[in-house]
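One structure below.
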Amino acid sequence: MVLRPLRVTSGDRGGRNPEVGLTYAAKSSWLSLRGEGSVSTDQGKKDELWNDWVEAWFPDGRTNPDIVLLEVACETGEVWDSPGGQTGQLLKMLKARVTGTSADDGGQNQESLDLR
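Residue numbers (our numbering): 119 to 234.
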């Protein structure tokens, strides 16, 4: 479960399509999660998660009714780890193109996850 503060208008609170995709990238790793999302107005949880970083994005404060939480029940995910990061992979592709050889993935790892 992932809970993040976000601002919505009253028209956004409907249950149109609950499918949610989340992504995260670091220097040489990427994470993609998919699941079903729902909006939560749990004030106790908002108080628990609130901090200075969140306050900077939402200066109206945690009690503003337009500030809600997005709760995601993750179902599947994928993780990629690529030694050398994006720049390293780009250099390998350029080298392969110039030399007419195949690009070595450099030990790139990919893992699929079933989180149900």
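No residue lacks a Cβ here, since even glycine has one placed at the ideal position from N, Cα and C.
Bridge-paired residues (DSSP) for residue i
i       : result
Ala-143 : Trp-148
Proximity of residue i and residue j at Cβ, strictly below 9 Å
i       : j       : result
Ala-191 : Ser-156 : yes
Ser-147 : Val-197 : yes
Distance between residue j and residue i (C-alpha atoms, nearest Å)
i       : j       : result
Leu-151 : Gly-179 : 29 Å
Thr-68  : Gly-218 : The structure shown has nothing for residue 68, since the chain only spans 119 to 234.
Asp-170 : Leu-231 : 33 Å
Phe-176 : Val-216 : 49 Å
Glu-173 : Gly-139 : 25 Å
Leu-212 : Leu-149 : 25 Å
Sequence-distant residues of the same chain with beta carbon closer than 8 Å to residue i, five excluded per side
i       : result
Ser-220 : Ala-214
Leu-233 : Leu-151, Gly-153, Cys-192, Glu-193, Thr-194, Gly-195
Val-136 : This sequence places Pro at residue 136; Val is not what is there. Result list for Pro-136: Glu-154, Gly-155, Ser-156, in chain order.
Best match in the options for proximity to residue i [C-alpha to C-alpha]
i       : options                            : result
Lys-164 : Leu-188, Ala-143, Gly-153          : Leu-188
Glu-154 : Met-211, Leu-233, Glu-193          : Glu-193
Ala-144 : Glu-229, Leu-212, Ser-200, Ser-230 : Ser-200
Thr-181 : Glu-166, Leu-167, Gln-161          : Gln-161
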